[in-house]
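According to full-length UniProt numbering, the stretch in the sequence shown is residues 1 to 133, in order.
First comes the structure, then the notes that go with it.
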Amino acid sequence: MANLIPSNFFSADQIREATDNFSESNHVFELSNGYYNWYSGKNENHHMLLIRKTVDKFYTYIDGKIFRDVAISSMVSGHKNSMKLIGCCLEFESPVMVYNGVKKHYKLEIREEPWKRRIKIAEDRHRNNRCGA
Numbered sequence: 001m002a003n004l005i006p007s008n009f010f011s012a013d014q015i016r017e018a019t020d021n022f023s024e025s026n027h028v029f030e031l032s033n034g035y036y037n038w039y040s041g042k043n044e045n046h047h048m049l050l051i052r053k054t055v056d057k058f059y060t061y062i063d064g065k066i067f068r069d070v071a072i073s074s075m076v077s078g079h080k081n082s083m084k085l086i087g088c089c090l091e092f093e094s095p096v097m098v099y100n101g102v103k104k105h106y107k108l109e110i111r112e113e114p115w116k117r118r119i120k121i122a123e124d125r126h127r128n129n130r131c132g133a
């Protein structure tokens with residue numbers, strides 16, 4: 001079974017430095033539900049990071065969503081179509097999640113993928129979740 005705890009805890013200063021203080025040039029996208037902003041970044045140990053910052057601080061704590069997010073992200077992080085959760089930062093008003101291994105940030109928007117590719121990703125994720133890998 002996957003390790004359910006992020007292996008790294010980042011300071012707020014490390015997150016700000018990695019994202020150039022959440023600069024607009026590092027802003028990758030905002031989900032349509034408006035709960036998260038995604039930023040690209042890097043640090044001395046990781047050349048390509050994806051950082052998820054919660055916009056609505058209350059959303060994170062509703063029904064323990066942050067704990068569910070950490071658990072699910074940790075369980076599927078080994079899958080080829082999932083981002084690898086490497087840590088988080090608890091020093092902001094809402095937790096910030098840090099992911100590694102995203103080669104093309106602009107490809108995160110699955111709605112822009114062809115239907116055949118979307119179905120393949122969904123099947124792979126379903127198979128991975130069913131097998132508990």
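Glycine included, every Cβ here is placed at the ideal spot set by N, Cα and C.
From a predicted model like this one, the values you see are computed outputs, not experimental measurements.
I'd like the ranges of any beta strand (DSSP E) spanning at least 3 consecutive residues and lying wholly in the segment 21 to 57. 27 to 30, 36 to 41 and 49 to 54
Contact defined as beta carbons within less than 8 angstroms: I believe F22 pairs with Y39. What is the distance between those atoms, to the nearest angstrom? 6 angstroms
Measuring only the C-alpha atoms, how far is A2 from D20? Unreliable placement is indicated for A2, whose pLDDT of 48 sits below 50; no coordinate value is reported for it.
Looking at the secondary structure, which residues open and close the alpha helix (DSSP H) in which M75 lies? K65 to V76
Considering only C-alpha positions, which residue in the set G41, P95, F10 and P114 is nearest to K65? P95
Classify K53: buried if its beta carbon has 16 or more other beta carbons within 10 angstroms, exposed otherwise. buried
Taking A18 as the reference, which of S11, N43, F10 and H27 has the closest Cα? N43
Is the closest heavy atom of the ligand FMN to the C-beta of F67 under 7 angstroms? With respect to the ligand FMN, the structure offers nothing, as it holds no ligand at all.
Where the alpha helix (DSSP H) through E17 begins and ends: A12 to A18
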